[in-house]
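The structure appears below as structure tokens.
There are 2 protein chains.
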Amino acid sequence: MVETNRRAENRYGNRPTMKDVAARAGVGLKTVSRVVNGESGVTADTERRVQEAIEALGFRRNDSARVLRKGRTSSIGLVLEDLADPFYGPLSRAVEEVARAHGALLINGSSAEDPDREQELALALCARRVDGLVIIPAGDDHRYLEPELRAGVATVFVDRPAGGIDADVVLSDNYGGSYTGTAHLIAHGHRRIGFIGDQVGIHTAAERLRGYQAAMEDAGLPVHESWVSSGDTHPERVRKAAESMLTGSEPVTALFAGNNRVTVTAVRVLAGPGHHAALVGFDDFELADLLSPAVTVVAQDSAQIGRTAAERLFRRLGGTPLEAERIELPVRLIARGSGELPPAG
Amino acid sequence: MVETNRRAENRYGNRPTMKDVAARAGVGLKTVSRVVNGESGVTADTERRVQEAIEALGFRRNDSARVLRKGRTSSIGLVLEDLADPFYGPLSRAVEEVARAHGALLINGSSAEDPDREQELALALCARRVDGLVIIPAGDDHRYLEPELRAGVATVFVDRPAGGIDADVVLSDNYGGSYTGTAHLIAHGHRRIGFIGDQVGIHTAAERLRGYQAAMEDAGLPVHESWVSSGDTHPERVRKAAESMLTGSEPVTALFAGNNRVTVTAVRVLAGPGHHAALVGFDDFELADLLSPAVTVVAQDSAQIGRTAAERLFRRLGGTPLEAERIELPVRLIARGSGELPPAG
DNA sequence: CCCACTCTTGACAACGTTGTCCAGGCTCTA
DNA sequence: TAGAGCCTGGACAACGTTGTCAAGAGTGGG
Chain Y
1 MVETNRRAEN RYGNRPTMKD VAARAGVGLK TVSRVVNGES GVTADTERRV
51 QEAIEALGFR RNDSARVLRK GRTSSIGLVL EDLADPFYGP LSRAVEEVAR
101 AHGALLINGS SAEDPDREQE LALALCARRV DGLVIIPAGD DHRYLEPELR
151 AGVATVFVDR PAGGIDADVV LSDNYGGSYT GTAHLIAHGH RRIGFIGDQV
201 GIHTAAERLR GYQAAMEDAG LPVHESWVSS GDTHPERVRK AAESMLTGSE
251 PVTALFAGNN RVTVTAVRVL AGPGHHAALV GFDDFELADL LSPAVTVVAQ
301 DSAQIGRTAA ERLFRRLGGT PLEAERIELP VRLIARGSGE LPPAG
Chain U
1 MVETNRRAEN RYGNRPTMKD VAARAGVGLK TVSRVVNGES GVTADTERRV
51 QEAIEALGFR RNDSARVLRK GRTSSIGLVL EDLADPFYGP LSRAVEEVAR
101 AHGALLINGS SAEDPDREQE LALALCARRV DGLVIIPAGD DHRYLEPELR
151 AGVATVFVDR PAGGIDADVV LSDNYGGSYT GTAHLIAHGH RRIGFIGDQV
201 GIHTAAERLR GYQAAMEDAG LPVHESWVSS GDTHPERVRK AAESMLTGSE
251 PVTALFAGNN RVTVTAVRVL AGPGHHAALV GFDDFELADL LSPAVTVVAQ
301 DSAQIGRTAA ERLFRRLGGT PLEAERIELP VRLIARGSGE LPPAG
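Quick note, the sequences are listed as chains Y and U, same order. First residue of the first sequence? That's 1 in the UniProt record's numbering, and the numbers climb one at a time after it. First residue of the second sequence? That's 1 in the UniProt record's numbering, and the numbers climb one at a time after it.
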């Protein structure tokens, strides 16, 4: 009686177990296990009886118990910034596809760019004993993962290197892409070019800024301090930054936007009255080609990044011993028009 | 020796357990459990010793074992069509936020609109013993979930009702939205309006088609058979459909696009030379306001849909007994210009 | 006809955690 | 100072599964 109560309270629905199936089919526990896992060594007749019992009871194997016994969960974790960001959708999907090909499920969570939340999430995933982790870092100290790495949790970082630990990282050629994009503007006659990017604490943002600066310097162009704006990518801040660059005492004739969100805001500003400037943005986005002018971008392939990271992770899981490596993927300048506007005042 | 080997082979890294922590701290197993779970009844001194041992060994509780014992996983599953689709990003994120507020993790997977894959995923999630499921159906028979529902897995469907079982569903007013969008075109003088939608087997697609037809009928307008095209949303098919409607013997002067992917393709077609027509699309999309003409849409709030579904799910998990319910969320016509083009030939 | 072998089957322990329950030591009061 | 009561800590079983191992049934060859 007490036993019954406890079960009814604690557990949902009191699901049938292999024991129940075994009892109903009149076979041993292990035989049920064999059938459920498609192992050999069960006669057709026995298997049929077991299958019938499974059907009748609506049995479904409890993977928690299985995991406990086997030590592998066949699931991997993905910590990203924001699932709703169009950059991460394809990335996440690509990771999922690779995981699926390896028979693994994907558990993911958004850090909302908060380092504490990143850590909380990553550790929660480790507590679930995911086999591996793909992390898009929000923070810059990942020593909290040391025990996990030692315990064999395969870990690959994406978009930015890990801080304080030695781990794989897959990222785009941010510096080179930014350099190329800026050079594109210079090649079309621009000499006063503004840069609006994300907070410099973020690795990608810093790299992209560096690429812009190098391109300017290599072209012998000065960079007026009012031409560089780094900070959060909130539309209002970006809008103000863009407007002051376009109307200041040293007005720019072109803008380089440090990421997709900045680019979109920049497009909106430039669509406003009286603002004419060329534009190149980092990250491609849907419909960029249909705007007028169509927006020239430095495109990174987020699906490719996700795929690369996930494949690396499964190679590690497969047992291949690998040194921590930095894998840099190329980016591609897609010229569509907005970068070719002449710097006519 | 044999024991050691087995562990080293099967398990990753041989993580420390509470037993190891207990041994190192010189306390009992249960005391470690108490410290880890923040339970009372442990002196400050004992707690400190245990904490030190945890730090030193890099112990992290194994949630699989915990789940096995407790019967609840504090995780929910989300089965959607494609994480990379911009409609599902915000939805997924919203579900995640609600889950987070309830201390649960989100496991998600893409069905790729394949019913078999949907089932495979949903059942895999059930095997992990997720506490609840949010499903965007790809198939139309969900009786395979009956044992799970009986076992207490809270389940909420999104976007389309479940087939063959009695379950909650959260969806947009597809019929009404489509009716309103079509009526908007009619109000601006269009009499020959084409409809391009997804496969009619899909509930939302059928409802939207119905809305279009009703609006036409209520306005006393005939619907020429060549004006309706249903099928997959592959750009090439949509492009052909649109072009034949625009250039056929009964050319349309306006298009109603049944979902965001169709809308985008339609925009591309209309941007081509010689094609002039008004356009209203179902689903809003980023930058719709920056195109020329800006695209008028019937917008559904995917984040709101996700939030509503997840909240419903957690109310069920909280123990509130609820009848299966159909929750229909309103949609909103956002007039931006492309719907107001006059039907001038 | 018996032995050796194979094939099927089931008993049992273990995975790492938490709930139950009891023991021992302490404090406080009469 | 003895007894009652409280607080801390630990032994043990159980969660549902799988790996190990051994027993029993059946088969074929000598």
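For every residue, glycine included, the Cβ atom is placed at its ideal position computed from N, Cα and C.
Residues of chain Y with a Cβ closer than 8 Å to the Cβ of Val67/U are, in chain order, Ser64. Contact between the stretch 233–251 of chain U and the stretch 176–185 of chain U is not established, with fewer than three Cβ pairs separated by less than 8 Å. Note that the stretch 251–258 of chain U touches the stretch 266–284 of chain U; at least 3 beta-carbon pairs, one per stretch, sit closer than 8 Å. For Ala187/Y, DSSP assigns no beta-bridge partner whatsoever. About 7 Å separates the beta carbon of Val95/U from that of Ala309/U, a gap short enough to meet the 8 Å contact definition. Residue range Leu105 to Ser110 is occupied by the beta strand (DSSP E) that includes Leu105/U. Residues of chain U with a Cβ closer than 9 Å to the Cβ of Gly272/Y do not exist, since the nearest Cβ in that chain sits about 11 Å away. Here Leu29/Y is exposed, its C-beta having fewer than 16 other C-beta atoms within 10 Å. Per DSSP, Asp168/Y is one residue of the beta strand (DSSP E) stretching across Asp168 to Ser172. Proximity of the stretch 308–324 of chain Y to the stretch 153–163 of chain Y meets the contact definition, three or more beta-carbon pairs being nearer than 8 Å.
The stretch 42–51 of chain Y and the stretch 74–86 of chain Y do not touch, with fewer than three beta-carbon pairs separated by less than 8 Å. No Cβ-Cβ contact shorter than 9 Å links Val298/U with Arg336/U. Taking 9 Å as the cut-off, the beta carbon of Glu286/U is found no closer than this to the beta carbon of Pro137/Y. For the stretch 129–158 of chain U, the beta-carbon criterion of a distance under 8 Å to any beta-carbon of chain Y is satisfied by Arg129, Asp131, Glu146, Pro147, Glu148, Arg150, Ala151, Gly152 and Val153. Cβ proximity to chain U below 8 Å picks out Leu105, Leu106, Ile107, Asn108, Gly109 and Ser110 from the stretch 105–119 of chain Y.
When only Cα atoms are considered, Ala22/Y and Val42/Y end up about 14 Å apart. Contact residues of the stretch 72–93 of chain Y toward chain U are Arg72, Thr73, Ser75, Asp82, Leu83, Ala84, Asp85, Pro86, Tyr88, Gly89, Pro90, Ser92 and Arg93 (C-beta to C-beta distance below 8 Å).
Chain Y has a Cβ within less than 9 Å of the Cβ of Asn14/U.
Excluding five sequence positions before and after Ala277/Y, the CB atoms of its chain that fall closer than 7 Å to its own CB belong to Leu246, Val252, Thr253, Ala254, Leu255 and Leu270, given in chain order.
Look at the stretch 263–294 of chain Y: the residues with a C-beta under 8 Å from a C-beta of chain U are Val264, Val267, Arg268, Ala271, Phe285, Glu286, Leu287, Leu290, Leu291 and Ser292. Inter-residue distance for Gly139/Y and Ser110/Y is about 13 Å (C-alpha atoms, whole angstroms). Counting the other CB atoms within 10 Å of its CB gives Pro90/Y a total of 16 or more, which places it among the buried residues. Leaving aside the five residues that flank Leu322/U on each side, the residues in its chain whose CB is nearer than 7 Å to its CB run, in chain order, Arg315 and Arg316. Neighbourhood of Glu96/Y in chain U, by CB distance below 9 Å: Leu83, Asn108, Gly109 and Ser110, in chain order.
Under the criterion of beta carbons closer than 8 Å, Arg129/Y and Asp63/U qualify as touching, at roughly 7 Å. Of all residues in the stretch 175–208 of chain U, none comes within less than 9 Å of chain Y when Cβ atoms are compared. About 52 Å separates the CB atoms of Ala219/U and Arg60/Y; that is not less than 8 Å, and the two are not in contact. Within the UniProt domain "HTH lacI-type" (16–70) of chain U, complete alpha helix (DSSP H) segments of at least 4 residues are found at 18–25, 29–36, 44–57 and 63–70, given in chain order. Closest by C-alpha distance to Leu105/U, out of Gly132/U, Asp114/U, Glu118/U and Ala124/U, is Gly132/U. Its chain contains Arg336 as the residues whose beta carbon lies nearer than 7 Å to that of Asp289/Y, once the 5 sequence neighbours on both sides are disregarded; these appear in chain order.
Beyond the five residues adjoining it in sequence on each side, Val32/Y comes within less than 6 Å, by CB distance, of Met18, Val21, Ala22 and Val50 in the same chain, given in chain order. Assigned with DSSP and collapsed to three states, Phe314/U falls in helix. DSSP places Arg128/Y outside both helix and strand once states are collapsed to three, so it counts as coil. Sorting Arg66/Y, Val295/Y and Gly339/Y by C-alpha distance to the C-alpha of Leu185/Y places Gly339/Y at the top.
For Gly211/Y, the closest Cβ of chain U is not nearer than 9 Å.
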